[in-house]
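Everything on this sheet refers to the single structure shown next.
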Amino acid sequence: MRIGFLGTGNVASQLALGLSKAGHGVKFGSRNPNEARERIVKLGIGSVGSHSEASEFGEIMILAIPYSAVSESISAAWKLDGKIIIDVTNPLTPSFDWAIGFTTSGAEEIAKLLPEAQIVKAFNHVFAENMATGRLGQVALMALVAGDNAGAKQVVMSLARDIGFDAVDAGPLKSARYMEALGMQLIALGYDQKMGTGIGFSFARK
Ligand SMILES: NC(=O)c1ccc[n+]([C@@H]2O[C@H](COP(=O)([O-])OP(=O)(O)OC[C@H]3O[C@@H](n4cnc5c(N)ncnc54)[C@H](OP(=O)(O)O)[C@@H]3O)[C@@H](O)[C@H]2O)c1
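Note that the working numbering has the sequence shown beginning at 1, numbered continuously upward.
Next comes the structure, spelled out in structure tokens:
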């Protein structure tokens with residue numbers, strides 16, 4: 001599939017590496033494509049353009065910018081209507097506190113901003129450095145996937161498996177409330193508990 005990224009940072013780069021290795025096409029959308037191109041070219045995959053150009057390319061879009069910048073950034077020119085949007089954001093304030101609690105989620109708020117798109121929450125509870133393989137050693141990391149459109153969710157679960165993740169259907173988009181809390185827990189383990197970013201969650205089944 002053709003995957004467009006909104007953002008050119010750690011998450012976009014690492015997910016793009018994993019998806020590209022699995023045979024998918026990738027294009028990055030940036031506020032400043034010339035500056036971003038200098039960084040992205042080192043990955044050896046994909047191309048860089050404006051957000052609009054990335055969204056013209058992408059059959060599926062991955063929203064990988066700071067949550068605090070989403071509402072002011074989303075533009076009609078991004079052509080997101082009817083598309084699956086994978087929301088990887090964690091709703092942090094600029095000072096890295098949790099911005100939203102259990103009565104809503106970043107994903108549900110983004111769905112209100114993009115009512116014609118199919119928002120699917122995924123990958124927010126994985127550190128970027130583990131996103132290119134979906135694995136830590138031999139262990140496949142859990143990729144919870146939440147969304148209200150069953151077809152869109154299946155597409156995203158399939159992309160997660162293509163990378164190497166153990167995809168788990170987490171239910172409706174409302175489950176993003178718990179996934180975003182899990183993302184915060186991961187950040188707390190990595191940074192507050194000083195475990196670093198070489199950690200992740202796996203899922204056991206009987
Ligand atoms: N890092 C992780 O381990 C991790 C894990 C899970 C989820 N997340 C979430 O994934 C998202 C991206 O994280 P990241 O680590 O990739 O961040 P990052 O490395 O800082 O990259 C974010 C990208 O977003 C764009 N951006 C930055 N500020 C912006 C603004 N004010 N308006 C519009 N675009 C802006 C920039 O691209 P351009 O300058 O090219 O426009 C930048 O490269 C965040 O919401 C984060 O919470 C991160």
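Beta carbons: idealized from backbone N, C-alpha and C, even for Gly.
Nothing here was measured: the structure is a model prediction, and the numbers come from that model.
>> Applying the 10 Å Cβ sphere with the 16-neighbour rule, what's the burial state of Ser71?
In response: exposed
> Which residue's Cα is closest to the Cα of Val156: Gly196, Leu186, Val88, Leu136?
Replying inline: Val88
> At a cut-off of 6 Å, is Phe127 close to ligand 1 when judged by its beta-carbon and the heavy atoms of the ligand?
Replying inline: yes
> In angstroms, rounded to a whole number, what distance separates the CA positions of Ser95 and Leu113?
Replying inline: 23 Å
> By Cβ distance, which residues of its chain are closer than 6 Å to Leu144, with the 5 residues on each side in sequence left out?
Replying inline: Val168, Ala170, Met179
> Using a C-beta cutoff of 7 Å, does Gly171 count as contacting chain B?
Replying inline: You won't find chain B in this structure, because it holds only one protein chain.
> Mapping DSSP to helix, strand and coil, what is Gln118?
Replying inline: strand
> Is Ile74 helix, strand or coil when you go by DSSP?
Replying inline: coil
>> Please tell me whether, using a cut-off of 6 Å, the distance from the CB of Val88 to the nearest non-hydrogen atom of ligand 1 is below it.
In response: yes
> Which term fits Gly23, buried or exposed, when burial requires 16 or more other beta carbons within 10 angstroms of its beta carbon?
Replying inline: exposed
> Beta-carbon separation of Ile3 and Leu17 under 7 Å?
Replying inline: no
> For Ser202, is the classification buried or exposed, using 16 other Cβ atoms within 10 angstroms of its Cβ as the cut-off for buried?
Replying inline: exposed
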